[in-house]
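To start, the structure under review is shown below, and the notes come after it.
Protein chains: 2
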Amino acid sequence: MQPIGHVESPLTDRSAAPKQADEGAPDAWLVFAPEYARAMAELAAGQDVLVLTWLDRADRSVLAVHPRSDPNRPETGVFSTRSPDRPNPIGLHRATIVAVDGFRVRVAHLEALDGTPIVDVKPVLGTER
Amino acid sequence: MQPIGHVESPLTDRSAAPKQADEGAPDAWLVFAPEYARAMAELAAGQDVLVLTWLDRADRSVLAVHPRSDPNRPETGVFSTRSPDRPNPIGLHRATIVAVDGFRVRVAHLEALDGTPIVDVKPVLGTER
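Chains as they are written, first to last, in full-length UniProt numbering: chain V, 1 to 129; chain Z, 1 to 129.
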């Protein structure tokens, strides 16, 4: 897998970062590498997108976690949780584009940390709204 | 990235396969590698999941495509389409689990081809319903 760009965000500390976008995540820039200019050319303000990232600070050896919503619950397999610690730590973030400036796309409420590699961007389908 | 399993499906031909699950995709098995047994232990019938795959038959050099919905429209950057041909061909499939049999999980309406590597499974969040 090849990064297509990276996240620029005020979030730098995993322990302080919100776990989901609706928990107070700040706006952030998606900074595309110039070789992907054609692939991102139709991104525009107002669109809802799915941003796929590679959570490079994750622990890939983790197979089960105590659910964050209730730490007293028993350990749960990571494929039934959104834990960033998992065998292939792909982050999936739904976000709304608020501005485009050259190779930089600003999105509202992204919970990814500063410097996180971006691996794909997809439009939201009707069935996912 | 390390496959966590693979898809078993009657779909073997990319050109004949439906492009989205609601276009007549058949049921399929997610076959997990035994080392991920703990990670998939809480998957159960009735749950809605997001299956992330690696579309290993994709053309990773493609940056723009004619939209399938209207081939007369001009070429569109792949980050604004769901084309499988894209720099990092990660497939994102929403599916409902209909049965679990050991390391095998049966899902309804999956448009992935037989043998496609699975790289992650996540629960659907409330905001994605």
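Backbone N, C-alpha and C fix where the C-beta goes; we use that ideal spot for every residue, glycine too.
Computed from a predicted structure; not experimentally measured.
Exercise. Sort ASP13(Z), ASP27(Z) and PRO10(Z) by Cα distance to ILE97(Z) and report the nearest one.
Key: Among ASP13(Z), ASP27(Z) and PRO10(Z), the Cα nearest to that of ILE97(Z) is on ASP27(Z).
Express the C-alpha separation of THR76(Z) and VAL124(Z) in angstroms, rounding to a whole number.
Straight-line Cα distance between these residues: approximately 28 Å.
Could you name the residues that DSSP lists as bridge partners for GLU8(V)? Within the DSSP bridge table, the entry for GLU8(V) names TRP29(V) as partners.
Problem set entry | Contacting residues, own chain, Cβ-Cβ under 8 Å from GLY102(Z) (five flanking each side not counted) | If we look at GLY102(Z) and ignore the five residues flanking it on each side, it has no Cβ neighbours.
*Which residues of chain V have a Cβ atom closer than 7 Å to the Cβ of GLY91(Z), listed in chain order?*
Under the 7 Å cutoff, chain V gives no residues; its nearest Cβ is about 10 Å from GLY91(Z).
Is THR81(V) buried or exposed, if buried means 16 or more other CB atoms sit within 10 Å of its CB? Result: buried.
Legend entry - Ranges of the beta strand (DSSP E) found wholly within the UniProt domain "TsaA-like" (1-129) of chain Z, counting only runs of at least 3: As summarised for the UniProt domain "TsaA-like" (1-129) of chain Z, the continuous beta strand (DSSP E) elements at least 3 residues long and confined to that stretch are 5-8, 28-32, 48-54, 90-101, 104-108 and 117-123, given in chain order.
#### Entry: Buried or exposed by the 16-neighbour rule on C-beta atoms within 10 Å, applied to PRO87(Z)
In summary, PRO87(Z) is buried, with 16 or more beta-carbon neighbours lying within 10 Å of its beta-carbon over all protein chains present.
Inset, instruction - Compare the C-beta of VAL125(Z) with all C-beta atoms of chain V and state if any pair is closer than 8 Å. - result: Residue identity check: residue 125(Z) is Leu in the sequence provided, not Val. Interface annotation, LEU125(Z): in contact with chain V, CB-CB separation under 8 Å.
Inset, instruction - Look at the alpha carbon of ILE90(V) and the alpha carbon of ALA39(V), and state the distance between them as a whole number of angstroms. - result: Taking the straight line joining both Cα atoms gives about 20 Å.
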